[in-house]
Amino acid sequence: MKIESVELKRVSIPLKKPFKTALRRVDTAENIIVVMTADDGTRGYGEAPPTAAITGDTDKTIISAIKNSIAPAIIGLDIEDLDDVMYRLQHSVEGNTSPKAACDMAVYDLWSRHYGQPLYKLLGGYQKDLETDLTISINEPAEMREDALAAIGQGFHALKLKVGIDADLDIKRVKAIREAVGPDIRLRLDANQGWTADEAVRTIRRFEDMGLDIEFVEQPVKARDFAGMKRVHDNVHTKIMADESMFSPKDAIELLHMEAVDLVNIKLMKCGGIHNALKIAGIAETYGVECMLGCMIESKVSLTAAAHLAAAKRNITRVDLDAAILLAEDPVQGGFEKDIPHFSVTDAPGLGITGIEGLMEL
Ligand SMILES: [Mg+2]
Numbered sequence: 001m002k003i004e005s006v007e008l009k010r011v012s013i014p015l016k017k018p019f020k021t022a023l024r025r026v027d028t029a030e031n032i033i034v035v036m037t038a039d040d041g042t043r044g045y046g047e048a049p050p051t052a053a054i055t056g057d058t059d060k061t062i063i064s065a066i067k068n069s070i071a072p073a074i075i076g077l078d079i080e081d082l083d084d085v086m087y088r089l090q091h092s093v094e095g096n097t098s099p100k101a102a103c104d105m106a107v108y109d110l111w112s113r114h115y116g117q118p119l120y121k122l123l124g125g126y127q128k129d130l131e132t133d134l135t136i137s138i139n140e141p142a143e144m145r146e147d148a149l150a151a152i153g154q155g156f157h158a159l160k161l162k163v164g165i166d167a168d169l170d171i172k173r174v175k176a177i178r179e180a181v182g183p184d185i186r187l188r189l190d191a192n193q194g195w196t197a198d199e200a201v202r203t204i205r206r207f208e209d210m211g212l213d214i215e216f217v218e219q220p221v222k223a224r225d226f227a228g229m230k231r232v233h234d235n236v237h238t239k240i241m242a243d244e245s246m247f248s249p250k251d252a253i254e255l256l257h258m259e260a261v262d263l264v265n266i267k268l269m270k271c272g273g274i275h276n277a278l279k280i281a282g283i284a285e286t287y288g289v290e291c292m293l294g295c296m297i298e299s300k301v302s303l304t305a306a307a308h309l310a311a312a313k314r315n316i317t318r319v320d321l322d323a324a325i326l327l328a329e330d331p332v333q334g335g336f337e338k339d340i341p342h343f344s345v346t347d348a349p350g351l352g353i354t355g356i357e358g359l360m361e362l
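The numbering of the sequence shown is UniProt numbering, which starts it at 1 and goes up by one.
Structure, rendered in structure tokens:
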């Protein structure tokens, strides 16, 4: 089976409520969809959301990287030569991790369809069922408290609270939510680089002193401040997770070798897709560190790819794949099945996606 064409489309899906972090606000997901067709007519799907604030990838750069660099590097290659396809895909252009991820997952979709198996089985086949947390956007404490209670009402057992804009207000936010949801709900915090190392140590120690029982804190300081990450890690009891600090497998080696973090958050859009995500999961396993699989504001196309990866690996112990729940519509047929807060991958070949409604021409 040879890769014959790579077409690009767009999906536009409104969010139920604006998504707000210390870095950005999103009202509508305007994502690029990759439809990769093989010479026997089989189709593989992929997706890239432009998340310039984190990956640097914009709508324009995603389209240009795929059209001018990635697609020409892999068209005509045999899908059975997966490692060669991945080498050429990853080396077709520097950076551009989101467009690489979109093409990488479409290749994996074709590859697993070619062998007639669901992708998670070919990647390791650990389990079929996953449980996601839900992200609570950063807002005034009272509004976040209401959002948290609504999430518990929907059945979520773990909440990821966005913090990092104002440390004093962050204490009020987390305290209001812990008091409202009780002791049994897992609370994870994501500061999205919003604190300095000193501020992070001070604030996290206050959470500890107040007994707010935080499962972990994600990305307290700036992405490239590995020394700051380590300083926070060394001076608090709460587990620290790398998100924006860790794009590549090499970042994972560096952070884990210097013992700067306790956990890592793998996102396909940061590392360039499943090929590199598997390396990161392997590196983390080598260091005895567990992984979370996270996402950007993605539709069920790339979330299904992420779910297959998470389901495949024993060392991916947490998933934060809530974007599908934040979106007001689901135009994707097939893919994972959800029963909030649970997701399961199916045994349909590949990603199991059979079509996408409302795709727009570029
Ligand atoms: Mg994060």
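Idealized CB from N, CA, C, for every residue including glycine.
The Cβ atoms of Ala305 and Leu293 lie no closer than 8 Å to each other. With three or more CB-CB distances shorter than 8 Å, the stretch 268-278 counts as touching the stretch 88-103.
Ranking Arg202, Thr196 and Met1 by CA distance to the CA of Val107 puts Met1 first. Boundaries for Leu351: no beta strand (DSSP E) harbours it, and the DSSP string shows neither H nor E there. As computed with DSSP, Ala242 is found in a beta bridge with Val264. The beta carbon of Asp40 lies closer than 7 Å to those of Met1 in the same chain, with the five residues before and after it left out. By the Cβ neighbour-count rule, Asn68 is exposed, with fewer than 16 other Cβ atoms within 10 Å of its own.
In this model, Glu208 and Leu15 are separated by some 34 Å (Cα to Cα). A Cβ closer than 7 Å to some heavy atom of ligand 1 marks a residue here, and those residues are Asp190, Asn192, Glu218, Gln219, Asp243, Glu244, Asn265 and Gly294. Counting only the Cα atoms, Met144 lies some 7 Å from Ile136. Secondary structure of Arg224 (DSSP, three-state): coil. Around the C-beta of Asp320, 16 or more other C-beta atoms lie within 10 Å, and the residue is accordingly described as buried. Between Met210 and Lys175 the beta-carbon gap is near 7 Å, inside 8 Å, which marks them as a contact. In the three-state scheme derived from DSSP, where H, G and I count as helix and E and B as strand, Glu143 is classed as helix. Beta-bridge partners assigned by DSSP to Ile33: Lys9 and Glu47. The beta carbon of Val35 is closer than 7 Å to those of Glu7, Lys9, Arg43 and Tyr45 in its chain, skipping five residues each way along the sequence.
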